[in-house]
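Using UniProt numbering, read the sequence shown as starting at 1 and increasing by one per residue.
Glycine included, C-beta positions come from ideal geometry on N, C-alpha and C.
Remember, it's a predicted structure, so these values are computed and weren't measured experimentally.
Here is the structure we will look at, set down as structure tokens.
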Amino acid sequence: MDVQPMYCAVGLKAHEPGRTRAGSLYSLPFAAAAAFHRPNRIAMQSIETLIDDAFERRHALTPSEIESHLRPAVGQVLDLLESGERRVAEPDGHGGWTVNQWLKKAVLLYFRINDNRVVDGGPAQAFDKVPLRFAHGNDAELQQLGARVVPGALVRRGAHIAKDAVLMPSYVNIGACVGAGTMVDTWATVGSCAQIGAGVHLSGGVGIGGVLEPLQANPTIIEDGCFIGARSEVVEGVVVEKGSVIGMGVFLGQSTRIYNRATGEVSYGRVPAGSVVVAGSLPAKDGSHSLYAAIIVKQVDEKTRSKTSINDLLRAAT
């Protein structure tokens, strides 16, 4: 069954270590790379069942003691995540999001069934279970991908980078999805399984929280056209809806109060579409102190947003 992602265009198919294709984007300098080779792809319904079953037995699994078919199956799932054919979370068509827990299980199993190995990180080496993408790509393959990845940017295996995305020196973790035309600015971090929409700007030092465990926890989601200001943090499965502007230094978690100045309402865990949000505080009921809150100072439609610069929106917030 084909799935058309809402934000992430389908990119290159990944190649597991052990494939002989010269200059593969996904080839690795691992002596034991042949152990990752998978000759046949597994039917999608079968692979989901296989992953669910293996996850129930995960504590008994080790890199040296796993079924022969499990490693190729997990590798196939990471291929699907990299290409954008499958996503850990996807729009449900009703304004919400559906989380595909079995894909998260596959990512967790990847850690369980692989040993640490030396990872070539350019001028430095690492010792990890998860290899890096783009380590040995040639010009033709990188041009086909259509993204720009500058020196110092690290993308782990299993992350999808869509066409026209730009990665400054930053970090994108396993299972994450970075949408078309999105800028991940210097020292920004996109956590495991986080979903970043198309045309998003993650400013310098932004942290987008990842989630693998607990399994039932939802990933952090930044929808299309959002701007996240420098040094802001969005974590714990918070959803920032389409076209929102988050000012510099705003911290959003599930326990963060989100106060709408226009309505007086307080909400948690979701920033409504078109919101302009700045850091602020709310007083205690007895007036003895104030505690941090994120303040929605206004909400704008797409037409206003398209005609107004980010700086103008934030300057008009007071």
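- The three-state reading of DSSP puts F251 in strand, counting E and B together.
- When DSSP states are grouped into helix, strand and coil, M183 belongs to the strand group.
- A198 counts as buried, since at least 16 other C-beta atoms from the protein chains shown sit within 10 angstroms of its C-beta.
- Positions of the beta strand (DSSP E) runs, each at least 3 residues long and wholly inside the segment 254 to 294, are given as 258 to 260, 275 to 283 in order along the chain.
- Per the C-alpha coordinates, the member of S281, A284, G280, S275 positioned closest to T304 is S275.
- Contact between the segment 206 to 215 and the segment 230 to 237 is present: three or more C-beta pairs spanning the two stretches fall below 8 angstroms.
- Closest in C-alpha terms to A162, from the list R87, W97, I258, F111, comes R87.
- Counting the other Cβ atoms within 10 Å of the Cβ of S288 gives fewer than 16, which makes it exposed.
- Counting C-beta atoms within 10 angstroms of its own C-beta, L215 has fewer than 16 neighbours from the protein chains shown and is therefore classed as exposed.
- The segment 64 to 73 makes no contact with the segment 88 to 103: fewer than 3 CB pairs, one atom from each, lie closer than 8 angstroms.
- Setting aside the 5 residues that flank it on each side, I246 is surrounded in the same chain by I228, G229, S232, V277, each with a C-beta closer than 6 angstroms to its C-beta; the list follows chain order.
- Bridge pairing for C177: H160, Q195 [DSSP].
- DSSP lists Y171, G207 as the beta-bridge partner residues of T189.
- Between I258 and A294, the C-beta gap is smaller than 8 angstroms, which places the two residues in contact.
- When beta bridges are read from the DSSP output, T62 appears opposite E65.
- Here the C-alpha atom of M44 lies approximately 13 angstroms from the C-alpha atom of L78.
- According to the DSSP secondary-structure assignment, A126 is paired through a beta bridge with V119.
- E90 sits buried, since 16 or more C-beta atoms from the chains shown fall within 10 Å of its C-beta.
- Separation of R270 and E241 (C-alpha to C-alpha, rounded to the nearest whole angstrom) is 7 angstroms.
- Just so you know, the alpha carbons of S306 and M183 end up roughly 18 angstroms apart.
- Ranked by Cα distance from Q76, the options V149, A279, L109, P123 are led by L109.
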